[in-house]
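Undergrad: I have a structure here, written as structure tokens, and I will follow up with some questions on it.
Protein chains: 2
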Amino acid sequence: MRILKGVLVQKYGGSSLSDAENIKNAATRIGKTFDDGYRLVVVCSAMGQTTDQLLRLAMSVTPDREPREMDLLLSSGEIISSTLVAMALRAKGYPAISLTGLQAGIRTDGLHGNARIASVDTTRILSEINSGNIAIVAGFQGFTDNFDVTTLGRGGSDTSAVALAGALSAERCEVYTDVDGIFTADPKIVADARKIDEITYEEMLELAAYGVKMHPRSIELGSLYNVPIRISSSFSDQIGTLVHGGIRTMEFGIKVTGVAYDRNVAKITLRRLPDRPGVAALLFERLSAEGISVDTIVQNASLDRYTDISFTVGRDDSDKAMETVRSVAGELDVYDMVADSTLCKISIVGSGMLNAPGYASSMFRALADADINIDMITTSEIRITCIVPELKVEEGVRILHKTFGLGNP
Amino acid sequence: MRILKGVLVQKYGGSSLSDAENIKNAATRIGKTFDDGYRLVVVCSAMGQTTDQLLRLAMSVTPDREPREMDLLLSSGEIISSTLVAMALRAKGYPAISLTGLQAGIRTDGLHGNARIASVDTTRILSEINSGNIAIVAGFQGFTDNFDVTTLGRGGSDTSAVALAGALSAERCEVYTDVDGIFTADPKIVADARKIDEITYEEMLELAAYGVKMHPRSIELGSLYNVPIRISSSFSDQIGTLVHGGIRTMEFGIKVTGVAYDRNVAKITLRRLPDRPGVAALLFERLSAEGISVDTIVQNASLDRYTDISFTVGRDDSDKAMETVRSVAGELDVYDMVADSTLCKISIVGSGMLNAPGYASSMFRALADADINIDMITTSEIRITCIVPELKVEEGVRILHKTFGLGNP
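Right under this line is the structure:
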């Protein structure tokens, strides 16, 4: 007799499901976990290149990306991979059933292309896993009150997985990707980058926001529902990195946890705005209404009753953001505006930095010594970020990794 | 102001949506019809090769075709084409919205792979078309009470289109394909085959069952709800063939309407069955329970308390049918069974044949004179069908087309 353990959620990324061989490998791993007695929910991304193929198809018809139609189109990518994973499991003799976002009860708001999960109705999933099935859920997608299909935007499948783990009170959410976990810096750039064994939600959040594998949304959800998240490679049996809310047992005494970077940065600057109340509010309200996620914001000190505002967005959003700014330019009474897509973010992250002086100045000094100009600076309690020229970013990461002693001893 | 006319349903087949160019052409036609003032519902098949690609993907993972998973997988093909058609229309400035089978309210039974439509809830479609949108519906698919996705089997998108036309009391259902309409015989085989302008449901039903473009299910539905169906090419402006229930105004005085053939024939013969009550019932109940559609059935006269039963199925169903027969072989007490996939159906169809003697004998004589052996014979009120060797089928079609004077005068 099969003794039922708790619920486990596994998520497989596109690179882990890129072809039939990888799908079968994922099925082997899923089967093993099921044999261990877990009630198992598996969230699938679209196979490697599927989303790009669908985007190319759409582009061949029209350059307009109508959000509602794009969502329905793209959602088929995860449905295809989910059904294939379910079939691969059944071929191995495991009872698996694939579910769309709708069937999995993932209800969202109506913001097509970047929808937020409103609630998860677990009735169907629970009925499947409690009756002995492995539930294979199409990630990245949900549905509205009107039964329209939505997608969750960047990092969507991670968000699906963590949301389901939270709603099902899962023991853990395992995220399988093509890297062995979270590293102190990108191993492609820094030769002696080390894998981190454990990391807090807050640190991971800062790292994720700055280019490391998982999207911050899913980490936020994990933190909110206290779901431990293990990030590891589907191509090895390495234990990966555990993201959780508890006290770190490893890395003790190290102040900086990792160095992150993000090439997906476009800066927009509005020059000579009248320095009066409500200007920033109007600008960012309008950007928010358009679903544009604004990252760093810097406003210079007022000069002569005029001020400059710079902010960064993802490069995909750059044109839309400029358009939005133009549409309120009259109301804002702005002198001119300019977009720059040649920049990059580089950050150091670490809980240990809190209340410890000297980290910011060490970072600025190290970059300055390497003749890397800093365009903007932002900080949080556990992160210091500089916006630098994209051409200098790899050098910057290597220098900071060395400066803060993150390499192998 | 836009004066709203009645509802029109258009269906575009896979060849009419095979690439971006064809999708844009379909959008042009759809736009023109919309400009005429119709409230418009468009049903899309999957793009040309999509379904085959999805089948190959599935085969690369497992040879098993688990029906529920296959349905969910394949349904994405029609979703992709529908969203692309909607986007192509929006790019031309038309208000279009794509709907899945579920969103379009097409509720079915749970027979995956070959589901039957139970009901159509037109609420969402009506709300879209009455508010000025063109509703683009993914064909071939529906959903069960449990929100599982089903597919409608062969001819599924035609069935979706006619069912929607019926439920919406549409003026007409227009089926766009890659041929100019229904012909007196396959123009690829018979050089002087003529296009038929009008044809009754009953005649079309017989022709459709025997290889001509539309699946009989959709014609039956058309007949049931009295939906006029116009079959024409999306690549020309020819008027096509109108299928309806009224009195034919053309073709008057001609007895045979057309010659049809179907290569998709597998014959299964059960030899030396005990000739006792219930044997045939048991056999065909079991085949029906497996969702296998049986076509021609012939039972020979009893000999020595034993009998032979032959029946034909589609070639795709041949293996499954043999398996099913084997599973009841013990109960049936059958001596042996054999499958033959080298046969073909050839039929003459025409309302005029009713009560007119001599057509059957003319047909058999013409085939005999050409040395074409007849394996089985079946007839309906308006059709005579012979099962003949596949190698002889084209010759047979040409001979019958000539025998019954169907060519251009």
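From first to last, the protein sequence lines stand for chains R and V.
Read the first sequence against our numbering and you will find it ends at 409, with the numbers running on by one and no gaps.
Read the second sequence against our numbering and you will find it ends at 1409, with the numbers running on by one and no gaps.
The C-beta atom is built at its ideal place from N, Cα and C for all residues, glycine as well.
#1: Are T416(R) and S98(R) touching if we call contact CB-CB under 7 Å?
#2: What is the rounded straight-line gap between the Cα of Y38(R) and the Cα of G166(R)?
#3: Strictly below 7 Å CB to CB, what residues from chain R border A1086(V)?
#4: Are the C-beta atoms of D1064(V) and some chain R residue less than 7 Å apart?
#5: Should the region 104 to 118 of chain R be called in touch with the region 3 to 23 of chain R, which here means at least 3 C-beta pairs below 8 Å?
#6: For F1311(V), write down the residues that DSSP places opposite it in a beta bridge.
#7: Mind pulling the chain V residues with CB within less than 8 Å of V41(R)?
#8: Measure how close the beta-carbons of G241(R) and G181(R) come, nearest whole angstrom, since I'm counting them as under 8 Å.
#9: Who are the near neighbours of E1395(V) in its chain, counting only those whose CB is closer than 8 Å to its CB and skipping five residues on each side?
#10: Which term fits M1059(V), buried or exposed, when burial requires 16 or more other beta carbons within 10 angstroms of its beta carbon?
#11: If you draw a straight line from the C-alpha of I219(R) to the C-alpha of M204(R), how long is it?
#12: Buried or exposed: where does P1277(V) fall if 16 or more other Cβ atoms within 10 Å of its Cβ makes it buried?
#13: Given this structure, state the Cα-to-Cα distance separating D1148(V) from Q103(R), to the nearest angstrom.
#14: Within 10 angstroms of its Cβ, does L1391(V) collect 16 or more other Cβ (buried), or is it exposed?
#15: Between L400(R) and V298(R), what straight-line distance do the alpha-carbon atoms span, to the nearest angstrom?
#16: If the cut-off is 9 Å on Cβ atoms, which residues from the region 94 to 107 of chain R count as contacting chain V, listed in chain order?
#17: Is the Cβ of L72(R) closer than 7 Å to any Cβ of chain V?
#18: Which residues share a DSSP beta bridge with I134(R)?
#19: Beta strand (DSSP E) containing R1383(V): first to last residue?
#20: Using a Cβ-Cβ cutoff of less than 6 Å, which residues in the same chain neighbour H1244(V) once the five nearest sequence positions on both sides are dropped?
#21: Rounded to whole angstroms, what is the Cα-Cα separation between V1007(V) and S160(R)?
#22: For the alpha helix (DSSP H) that A1088(V) lies in, which residues bound it at each end?
#23: Between D192(R), K213(R) and E171(R), which lies nearest to D178(R) when the distance is taken from Cα to Cα?
#24: Count the other CB atoms, across all protein chains shown, that sit within 10 Å of the CB of S1169(V); report buried if there are 16 or more and exposed otherwise.
#25: Note the first and the last residue of the continuous alpha helix (DSSP H) segment covering T1159(V).
#26: Counting only the same chain and skipping the five closest in sequence on each side, list residues whose C-beta sits under 6 Å from that of R248(R).
#27: Leaving out the 5 sequence neighbours to the left and right, which residues in its chain are closer than 8 Å to R1194(V) when beta-carbon positions are compared?
#28: Applying the criterion that 16 or more other CB atoms from any shown protein chain within 10 Å of the CB defines a buried residue, is F1404(V) buried or exposed?
#29: Could you give the DSSP three-state label for T51(R): helix, strand or coil?
#30: For chain R, check one thing: does any of its Cβ atoms lie closer than 7 Å to the Cβ of S1160(V)?
#31: Would you please state the rounded distance, in angstroms, between the beta carbons of A351(R) and I382(R)? I believe it to be under 8 Å.
#32: Locate the beta strand (DSSP E) running through M1376(V), then write down its first and last residues.
#33: Can you grab the Cα-Cα spacing for the pair G1258(V) / G1139(V), in whole Å?
#34: Among the residues of its own chain, which have a CB less than 7 Å from the CB of P1274(V), if the five just before and after it don't count?
#35: Please identify the residue among A266(R), R272(R) and G77(R) whose C-alpha is closest to the C-alpha of K345(R).
#36: Could you tell me which of L1089(V), V1279(V), V1190(V) and M1376(V) sits nearest to T1033(V), measuring between CA atoms?
TA: With the structure as the only source:
#1: Here chain R comprises residues numbered 1 to 409, so residue 416(R) is not present and cannot be evaluated.
#2: 16 Å
#3: E69
#4: yes
#5: no
#6: I1268(V) and I1297(V)
#7: Neighbours of V41(R) on chain V: none; closest Cβ ~16 Å, over 8 Å.
#8: Per the sequence presented here, residue 241(R) reads as Thr, with Gly not at that position. Their Cβ separation, rounded to whole angstroms, is 3 Å, which keeps T241(R) and G181(R) in contact under 8 Å.
#9: A1370 and I1372
#10: exposed
#11: 7 Å
#12: exposed
#13: 7 Å
#14: exposed
#15: 23 Å
#16: A96, I97, S98, L99, T100, L102 and Q103
#17: yes
#18: A96(R)
#19: R1383 to P1389
#20: P1228
#21: 40 Å
#22: P1067 to A1091
#23: K213(R)
#24: exposed
#25: G1156 to A1167
#26: Unreliable placement is indicated for R248(R), whose pLDDT of 47 sits below 50; the coordinate value is still reported in the next sentence. For R248(R), where only same-chain residues beyond five positions count, the Cβ hits under 6 Å are E198.
#27: F1183, T1184, L1406, G1407 and N1408
#28: buried
#29: helix
#30: no
#31: The residue asked about is misnamed: residue 351(R) is Ser in this sequence, not Ala. With a Cβ gap of about 5 Å, S351(R) and I382(R) count as contacting.
#32: M1376 to S1380
#33: 29 Å
#34: R1305, Y1306 and D1333
#35: A266(R)
#36: L1089(V)
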